[in-house]
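Using the numbering used here, the first residue of the sequence shown is number 18, and each one after it goes up by one. Heads up, the thing below is written out as structure tokens.
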Amino acid sequence: MLVPRAQPFPFEAVRDLIGILRAMYAAERAGRHDVQRLRRIRSVAERLHLAQELALEHDPETLGHAAAWRHAERATQELGELIDLTTPLEPTLEAASRRVTDVGHRDARRVGLKARRS
18 MLVPRAQPFP
28 FEAVRDLIGI
38 LRAMYAAERA
48 GRHDVQRLRR
58 IRSVAERLHL
68 AQELALEHDP
78 ETLGHAAAWR
88 HAERATQELG
98 ELIDLTTPLE
108 PTLEAASRRV
118 TDVGHRDARR
128 VGLKARRS
């Protein structure tokens, strides 16, 4: 049963979790490419996106806001089930780093392609 909550929704924390999930997804895709794990990661991220949308649409102390909290909490639980003490962090950090450092290379290629086309 949903109970309205007065606490503000933790938008920044949810955004951070979505970023972690993006990096996990990229690392999994580049590594083992376990389709079931990729689906689970995507499902958790989708639940967090839904939580954000609900929180944006509904004020605190409403059922919509409470639903946003419930989705965020369940997604956090599901994320916890995706990792354990033996889950290496290095591939996730490398994937996240590549998303930052490869941006310059992609932008340079895009500019070069545009220059050649004109």
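Cβ coordinates follow ideal geometry from the N, Cα and C atoms, glycine included.
Neighbour-count burial assignment, residue i, 16 or more Cβ in a 10 Å radius
i: M41; result: buried
i: T109; result: buried
i: I58; result: buried
i: E45; result: buried
i: H88; result: buried
i: R64; result: buried
i: L73; result: exposed
i: L96; result: buried
i: L19; result: exposed
i: V61; result: buried
i: A30; result: exposed
i: L38; result: buried
i: L34; result: buried
Residues near residue i by beta carbon distance below 6 Å, same chain, minus five either side
i: W86; result: R22
i: A43; result: A112
i: A92; result: V61, R64 and L65
The ligand GTP heavy atom lying under 7 Å from the CB of residue i
i: L71; result: The ligand GTP is absent from the structure shown, which contains no ligands of any kind.
8 Å Cβ shell around residue i - same chain, five flanking residues per side excluded
i: T140; result: In the structure as shown, the chain starts at 18 and stops at 135, and residue 140 therefore has no counterpart that could be examined.
i: R54; result: E45 and L99
i: P47; result: Inspection of the sequence shows that residue 47 is occupied by Ala rather than by Pro. Here the set comprises P108 and A112.
i: F28; result: Q69 and A72
i: D51; result: E45
Cut-off 7 Å between Cβ atoms - residues of its own chain near residue i, not counting five sequence neighbours on either side
i: G81; result: L71, E74 and H75
i: A84; result: L19 and L71
N- and C-terminal bounds of the alpha helix (DSSP H) containing residue i
i: G81; result: L80 to L99
i: V31; result: F28 to A47
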